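Residue numbers (our numbering), protein chains in the order written: chain H, 1 to 290; chain R, 1001 to 1258.
Just so it is clear, CB atoms sit at the ideal spot from N, CA and C, and this is done for glycine as well.
It should be emphasised that the depicted structure is a prediction, and the values quoted were computed from it without experimental measurement.
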Amino acid sequence: MAAFADFWATYSTLVYSVGIHALLALSLWLTLSCGLLSLANAAFMGIGAYTAALLTLNLHWPFPAALLGGAVAPAVVALIIGAPTLRLSGVYLAMATLAFGEVTRILILNLQITGGPEGLNGIPLLTTGWHIVVILAVAGYGLARIRRSRLGRAFEAIREDEVAARLMGINVESHKLAAFTLGAVLAGVAGALNAHFTFFISPREYGFENAVDILTMTILGGTTSLIGPVLGATILTLLPELMRFLHAYRLAVNGLILVVVVLFLPTGLWDARRFRQLLKNRRARKGGQP
Amino acid sequence: MSLLSIRGIGKHFGGLQVLEDVNIEVPGGAIFALIGPNGAGKTTVFNLVTGLIKPSSGSIAFEGRDLAGVPPHQITRLGIARTFQNIRIFPDMTLLENVMVGRHHLLNYGGLALLFATPAFREAERRSRERALELLSWVKLDHKADATADNLSYGEQRKLEFARALATEPKLLLLDEPVAGMNPSEKAVLMEEIRNIRDRGYGVFLIEHDMRFVMNLCDRVAVLNFGRIIAEGPPDEIRTHPDVIEAYLGRGDEAEVS
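See below:
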C-alpha cells in the first residue's frame, strides 16, 4: 500500500495525462472516422480549457457546470466555422483548420480576459482521477454505440466514398458537421479537465505542436477501432518519460514516429482486422500439418 | 403515367454542349435502356437525374414531382437509387454494413435511443439487418455477409452494388453500364439478376453500350448520340432503325446491328 502511495505521488500527473491525451485522441478519432483530416482539435481543447477555467476562476461556477461550459463553447465555435470549412476535403481542410488553430491561439494570446501571454494562473485543482476515468469511460461507451448505429455507418461511408454515401440517402454535410462538432466537444472536455489539474494554462499549449501531437497519437494507435487512439495516447505520453535523455528531440522523435507509422503501419499499431488475419493464417498453418 | 419524365433537358459544361433537348419517359416495372456510343452523354443523364449536377435547361420529374433543387440524398429518399460505371462500394466495410448504409434514412431512431440501445433501437437495427441479409440473398452473396467488400471479385462487387442500391427501397433503379468489363458468363448471370429485380416490381433504367446485352434484356430502348435522342422504341424496332445503324456503324453500311 505504501509502495502504491509512493508511486501515485510521483506518477499521478502522468496517469492523468494519459487519460486526457486518450480523450483527445478519441476526439480526433471521431473526426477522422468521417474522413475529416482536422488540425483544429488542439484549438478546441484550448477553447474548452479557457472557458471552463474562466467559469471557475471568475464566476465560481461549480465544477460540473464549468465542464459543461468547456464542452458547449467549442461546440458552438465548431458549428460556426464548420459550415464554411467542411466543404473542403483532404489537405485543404487540414490547412483551413490549421489556420483556425493559429487564429485561436493568437486571439488567446492577445485578449485581456485570457491573461494574454502569461495565461491563467491559480485555477482551482478540481479534477480528480475518477473524473477522468468516468468521463473517458462515458466517451468510450458513447463512441462504441455510435459505431454500431446508422450514424457510425454513415460516417464510415462518407470516409470511404462521399458520392456513393450521398446517393445512399445520407446528408453528407450535416453528418460531417456532427462529427466535427462532437470531436470539438470531446477535445473541449479534455481541455477543461486538464486546466483543472495543471493549475496554470497558457496559449502555447494549444498551438500547432499540440495539434500534431494529437494526430500522431491517433494515427500511431490506429483508427480502425477505439482501442487504437487510447493505445497511441498512452505510448506517446509515457515515451518521453522513458526517454528523458532524448528530451530536446521530443518533437523530432514524434515526427519520426509519424513517418515510420505512415510508411510501414498505415493502419496503426492496433488493427483488429490484421490481428484476425494473423490468427487465421496461424490456424491455417496448424491445420495444414498432418 | 411514366415513373420518370425527362423533358427538354439540355446541359452544357462551359461551351461544350453535352445534352440537347433530351426527352425520355421511363415506365415503372420495366427495363428501360439508354444506349449510345462512348461520349454520347449517357452518364450525364444519370448525374442529372440523381441531382449530382444541375441541368442547364428543361425539367426532370419523378412520379409527377419536379426534382429541380432537390438535393441528391433527398432524391434517393424519394425512390431513385443508382449504381456506378466504375464500381463505388465501401471497400473496408463488410457486405452487410455496405447494404445497411443504404437503409440509413429508413432507420429513424434518435440520438438517445442510440446511446442507450433502447428496445426500439435494437428492433430497428435487427429488422434492418434482416432486410439487408434478404437483399444479399437476392444476389446470392448472403454467405459472404461478414467478409469485407474489397475481397469480392469484380462481378460480385457489381452485385453488392445492386443489393446496396435496393436497400434504399427505391421504385426506380439506375444501372450505369452494369456489365462493363465482364466476361460472357458473368454477363449472363447479371442479366438474370436484372430480370429478377424487374420481376419483383422495380423499374430499371440502365445505360449500356453492349448492344447484344441490351437487345436481349430490355423492354424499351432509347438511343442517344451526340447529346440528342435519335430513336426510341422496343428493341426490335431500334435494331433496324437506320439512324441507329448509322450512329453505331457509320453511314452507308448495310450491316444490321445484332
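Proximity test, residue i beta-carbon vs the ligand SAM heavy atom, cut-off 6 Å
| i | result |
| --- | --- |
| H/G69 | As far as ligands go, the structure on display features none, and thus does not contain the ligand SAM. |
Amino acids of chain H, ordered along the chain, whose beta-carbon sits closer than 8 Å to that of residue i
| i | result |
| --- | --- |
| R/V1179 | Here the premise fails: no neighbours, minimum Cβ distance about 20 Å. |
| R/E1097 | R153, E156 |
| R/M1211 | Those within 8 Å of R/M1211 in chain H number zero; the least Cβ separation is about 27 Å. |
Closer than 7 Å to chain R by CB, residue i
| i | result |
| --- | --- |
| H/N171 | yes |
| H/D161 | yes |
| H/A154 | yes |
| H/R145 | yes |
Whole-angstrom distance between residue j and residue i, CA atom to CA atom
| i | j | result |
| --- | --- | --- |
| H/S174 | R/Q1074 | 13 Å |
| H/L278 | H/A272 | 10 Å |
| R/D1021 | R/I1229 | 8 Å |
| R/D1150 | R/D1092 | 7 Å |
| H/N171 | H/I158 | 10 Å |
| R/G1250 | R/E1237 | 18 Å |
| H/P117 | H/A195 | 16 Å |
| R/E1063 | R/L1004 | 6 Å |
| R/L1133 | H/I113 | 58 Å |
| H/A154 | H/A165 | 7 Å |
| H/V138 | H/T31 | 18 Å |
| H/A71 | H/N254 | 28 Å |
| H/T51 | H/D161 | 37 Å |
| H/M168 | H/P124 | 50 Å |
| R/G1079 | R/N1047 | 15 Å |
| R/P1235 | R/A1247 | 16 Å |
| R/L1019 | H/A211 | 48 Å |
| H/L14 | H/L238 | 8 Å |
| H/A184 | H/S27 | 7 Å |
| H/P229 | H/W270 | 9 Å |
| R/R1103 | H/G82 | 27 Å |
| H/T98 | H/L68 | What sits at residue 98 of chain H in the sequence shown is Leu, not Thr. Using only the alpha carbons, I get a separation of about 25 Å. |
| H/G19 | H/R285 | 40 Å |
Residues bridged to residue i (per DSSP)
| i | result |
| --- | --- |
| R/I1009 | R/V1022 |
| R/F1205 | R/F1032, R/L1174 |
| R/F1062 | R/L1004, R/R1065 |
| R/S1057 | R/G1010 |
| H/I201 | H/L120 |
| R/E1017 | Strictly speaking, residue 1017 of chain R in this sequence is Gln, with Glu absent from that position. Answer by DSSP bridge pairing, in chain order: R/H1012. |
| R/T1148 | R/T1094 |
Proximity test, Cβ basis, 7 Å: residue i and chain H
| i | result |
| --- | --- |
| R/F1090 | yes |
| R/R1077 | yes |
| R/T1050 | yes |
Partners in chain H for residue i, counting only beta-carbon separations shorter than 7 Å
| i | result |
| --- | --- |
| R/H1105 | G169 |
| R/R1082 | L167 |
| R/P1072 | R166, L167 |
| R/T1168 | M168, G169 |
Within chain R, the residues that residue i reaches when beta carbons sit closer than 7 Å
| i | result |
| --- | --- |
| H/L151 | L1114 |
Contact with chain B by residue i, beta-carbon distance below 7 Å
| i | result |
| --- | --- |
| R/G1102 | Protein chains in the displayed structure are H and R, and chain B is not among them. |
Contacts of residue i in chain R (Cβ-Cβ under 8 Å)
| i | result |
| --- | --- |
| H/G142 | L1115 |
Three-way DSSP call (helix, strand, coil) for residue i in this model
| i | result |
| --- | --- |
| H/T13 | helix |
| H/T97 | helix |
| R/R1126 | helix |
| R/I1087 | coil |
| R/E1232 | strand |
| R/T1118 | coil |
| R/V1221 | strand |
| R/A1165 | helix |
| R/R1082 | strand |
| H/T267 | coil |
| H/T223 | coil |
| R/T1094 | strand |
| R/T1050 | coil |
| H/R145 | helix |
| H/G70 | helix |
| H/R153 | helix |
| H/T56 | helix |
| R/V1070 | coil |
Residue i: contacting residues in chain H (beta-carbon distance under 9 Å)
| i | result |
| --- | --- |
| R/M1093 | R153, E156, A157, E160 |
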